[in-house]
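Residue numbers (my numbering), protein chains in the order written: chain Z, 1 to 283; chain P, 284 to 566; chain V, 567 to 849; chain R, 850 to 1132.
We treat Cβ as the ideally placed atom computed from N, Cα and C, and that holds for glycine.
Here is the structure we will look at, set down as structure tokens.
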């Protein structure tokens, strides 16, 4: 059965929940999930509501228009999505392929409801894997001189392939603010540390030198500030003095795969609402 | 500001959420939290809704009566609670005092919004602690012959003290079905294993003999079947071959304290809905 | 550089550690790791010692003979292994392929120092994966009537391929005591529950019905008693009432992969010592 | 039975383990635990060895002298401790008392083998607790002008009370380098964040603003650089957007108590070896 998902944020006000749920009920929709949160500090209201479209008496194309007055009334920022509109995802990767491998496996195992028509890389290591899974592979070597030009060409192909979501699965290039702007809150990165600790390059080396007893991984939306975007998911694992740097890297791989795949899954299920530099996760 | 909390379960049906939120809005209540869940297997609807009573236009004593027709219409099982009605909790304990100590500390630190007027024990070890915190202590030695009689006397004192919630903080006596029935889903136990593993006596000894690599603790509502009631919360901690039995017991203490205190907190905040032999936790 | 690993268990006695380390030093070996443990309850001594063979003045083939008198003196059970002798591993699997996939990935990424020349299955689902990784695939359909015969044929092929370690990566057939005996403490199974909870079939269904708040996975050596062999590794993950059965299965997959791969890695590195129905892990 | 513990670090060299274990065996000592680690990067050898003194044929006061030539030979840094020499610990605290409370409880429950004769504070909040446990309480208000003088007076009392270990259980004053120098690697601090994230003041506020999904706590030895000393232990706990700042603080309390108490226990059991800015934990 097709379902609709409404994601809403607005200044808190008496009657918002009632107005939304009444709108759905009045048009014969059956609410499957409703989750609501209020941030006391900023007095902001957040809601995710998912309903069965079977029997809903507004044609799909008209829902936005008919809901618009309610949204305006409460000054909502909002988005409407349908469960049968499959997301189209591109994966960017450099030379470490474990996250790419894992994403492709999960896509195949049915954990992700999306198409993956495109893999982009500044190296050629991922090409055989792309071939094996029958996915278009685009190689864009990136240097200081050609970066702007390459990003232009990447954006063209992303448009051509109707990509709506980009996953940076250990892609070791910094995207320009212009590029990031084109996919606001739709580029998901995995950083191999427990942010905000160990920003930037070689976080496992940084962690090893520091002598931490736990390492982590962080998935976040990409913004113009390196490794500073809204955090979606994090996880940690215990290490000891017996672990060499290569053990940190190996243990970290499992963290990265799990943290990134959870973030991607929530994003695809429209369970994430960004606000300021934080996220609400309706899990 | 005083708040009302409504906990609801009923067969799923179109329009339930709309009816509840409309009821609150219509009487000028401001919803602070609304959380809803549907169990697909049994087609059951669960909801917890909390609203600010400031400005609510139904007098507190009349809310139940005015909500009743809506509840009947959807065949709801429901309860209504007010945030300023403090729960009155009794703690039952035997000889291990760490959970008792921890509960009293948290009560004092403001983590629990309740009164604790009574400590009951089949031993006298807890008496000094009760004295120190200024709490009435009742010593009921329990043997096979006097068990029924002692439970009768306990129930009298519980009634006298207007106790609504009982916490078994390592109370090593099995309560009779009659006693349990008097406090249905209002007796919280901590069992020092990851249930359903290691039911019954000496779970740490059982775990040690089995050679498990992780131990756990489980908090659950007490039913007539030993260690089989609806699970509220669980947690686990890693052990190794280096840990002797006494290390398991020491590490387990921390688990027990955290697992029990989370369960008690959720119960006091009316965040737990029992159904069948399971629980929904609106955290 | 080639290394030797000695695994020892024996009744505890004054001077064992000194005797072993003196033996290595006296013959010009450099100890890289030495880890020792004494079980107080059974008064048993356990040790793992690893040394650099460069410059060791006993030829590799004579070490056993020259160490034997020391071993006899202390009534040791012991084994000697060399780091450059690659283990040969067979993977048994039924229809769920995530653990197989993960093991093959880790082998390829260099996490496991072994050869995997053989995949055995009672179904044909894994055949394409075997082909893709260039591994011999043997299909043995197993029924009540042909079980003994099939096990005989499997053992022949295992011998032919010089297999020393068997991994049951979700192989849903019970092995006969005779088969198990042929590979004592060399068959590693993954069970998809936190043992001893939920032994036997469909553990996720059992966990879902029970309403646990945490699920687990367990890796153990296989013995004649189903799911009762010495536990090597376990891990757990939190679930909630929002998780349907299919979510438990999906979340459990990650646990299974990590728990099994850690057990396999320790086994290959000769870091596991079984005693009674427990294990010492020299990690 | 009294036991001896030897903690050793030195440049790695063939024969160190053999020399140490032979020394113990030759004098009729029975090794209870021996744990050894080599840091490949710096080529440093670390060892902790614990043996039963019953029957050891060197009088306790002569052990150091007789072992010294071996130590010199291998350029060891080393310390020798006896299990029946009780450590004397002072606790420094400001206004948050949960860690103090927890340490006192664990001392009383027998988790720590030490005396706690002194509590020092720049506030008076802890005085009743000190009284309740029968411990001397010293109130030292600290301001910019009197800091040096107060530290002098504190050191006098510490000397008077023969304190060998200082625990900063949420003591919100920065100690001078001179003070720190007097107790090198003997002052244990708890910082309420996952270091190196959120150094300095109000780490929970920093974490809340950043929108992290996991918070942590770190126990470390105090050095002249604020929050930069060798990390002993860390742990983390998951939070969500539903958690307000006060929930972070409440959840963090449990982390702080557990992380600090583990660090203190290991320190008292002589299981920690500091090297450079890192620690080896022989757990």
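Starting from residue i, follow the alpha helix (DSSP H) in both directions and report where the run begins and ends.
i                      : result
residue 1113 (chain R) : 1094 to 1117
residue 1007 (chain R) : 996 to 1009
residue 107 (chain Z)  : 98 to 108
residue 203 (chain Z)  : 203 to 210
residue 571 (chain V)  : Looking at the DSSP string, residue 571 (chain V) is not in any alpha helix (DSSP H); the run it does join, the beta strand (DSSP E), is 569 to 577.
residue 239 (chain P)  : In this structure chain P extends from 284 to 566, so residue 239 (chain P) is not present and cannot be described.
residue 182 (chain Z)  : 177 to 182
residue 73 (chain Z)   : 63 to 73
residue 698 (chain V)  : 693 to 698
Taking residue i as the query, report the chain B residues whose CB atoms sit under 8 angstroms from its CB, ordered along the chain.
i                     : result
residue 319 (chain P) : In the structure shown, chain B cannot be found, because the protein chains are Z, P, V and R.
Since residue i is in the beta strand (DSSP E), which residue starts that stretch and which ends it?
i                      : result
residue 1070 (chain R) : 1063 to 1070
residue 970 (chain R)  : 963 to 970
residue 561 (chain P)  : 561 to 564
residue 885 (chain R)  : 879 to 888
residue 661 (chain V)  : That residue, residue 661 (chain V), is in no beta strand (DSSP E); it is neither H nor E in DSSP.
residue 517 (chain P)  : 514 to 521
residue 558 (chain P)  : 555 to 558
residue 419 (chain P)  : 419 to 422
Give me the Cα-Cα distance between residue i and residue j, rounded to the nearest whole angstrom.
i                      : j                      : result
residue 307 (chain P)  : residue 765 (chain V)  : 48 angstroms
residue 63 (chain Z)   : residue 190 (chain Z)  : 35 angstroms
residue 959 (chain R)  : residue 246 (chain Z)  : 39 angstroms
residue 526 (chain P)  : residue 319 (chain P)  : 43 angstroms
residue 1008 (chain R) : residue 995 (chain R)  : 20 angstroms
residue 413 (chain P)  : residue 419 (chain P)  : 7 angstroms
residue 643 (chain V)  : residue 637 (chain V)  : 8 angstroms
residue 693 (chain V)  : residue 657 (chain V)  : 12 angstroms
residue 924 (chain R)  : residue 917 (chain R)  : 10 angstroms
residue 272 (chain Z)  : residue 607 (chain V)  : 53 angstroms
residue 59 (chain Z)   : residue 672 (chain V)  : 50 angstroms
residue 287 (chain P)  : residue 333 (chain P)  : 6 angstroms
residue 211 (chain Z)  : residue 1078 (chain R) : 10 angstroms
residue 225 (chain Z)  : residue 559 (chain P)  : 50 angstroms
residue 161 (chain Z)  : residue 82 (chain Z)   : 20 angstroms
residue 967 (chain R)  : residue 910 (chain R)  : 29 angstroms
residue 1057 (chain R) : residue 399 (chain P)  : 32 angstroms
residue 34 (chain Z)   : residue 281 (chain Z)  : 13 angstroms
residue 183 (chain Z)  : residue 143 (chain Z)  : 22 angstroms
residue 875 (chain R)  : residue 1111 (chain R) : 35 angstroms
Can you list, in chain order, the residues of its chain with a C-beta nearer than 6 angstroms to that of residue i? Leave out the 5 residues immediately preceding and following it.
i                     : result
residue 894 (chain R) : 859, 861, 865, 887
residue 406 (chain P) : 377, 378
residue 844 (chain V) : 796
residue 769 (chain V) : 758, 759
Short of 8 angstroms in beta carbon distance, which residues of its chain neighbour residue i, apart from the five on each side in sequence? Order them along the chain.
i                      : result
residue 437 (chain P)  : 403, 421, 423, 462
residue 151 (chain Z)  : 175, 176, 178, 179
residue 771 (chain V)  : 811
residue 803 (chain V)  : 780, 781, 782, 817, 818, 820, 821
residue 194 (chain Z)  : 214, 215, 216, 217, 218, 234, 236
residue 1037 (chain R) : 1014, 1015, 1016, 1017, 1068, 1069, 1070, 1071, 1081, 1109, 1112, 1113, 1116
Would you say the beta carbon of residue i is closer than 8 angstroms to some non-hydrogen atom of the ligand COA?
i                     : result
residue 431 (chain P) : In the structure on display, the ligand COA does not appear, and there are no ligands present to speak of.
Under the assumption that residue i contacts residue j (Cβ atoms under 8 angstroms), give the Cβ distance between them as a whole number of angstroms.
i                     : j                     : result
residue 260 (chain Z) : residue 169 (chain Z) : 7 angstroms
residue 386 (chain P) : residue 547 (chain P) : 7 angstroms
residue 367 (chain P) : residue 285 (chain P) : 5 angstroms
residue 47 (chain Z)  : residue 20 (chain Z)  : 7 angstroms
Kindly list the residues whose CB is nearer than 7 angstroms to the CB of residue i, restricted to its own chain and excluding five residues on each side of it in sequence; keep chain order.
i                     : result
residue 258 (chain Z) : 235
residue 946 (chain R) : 974, 975, 978
residue 879 (chain R) : 900, 901
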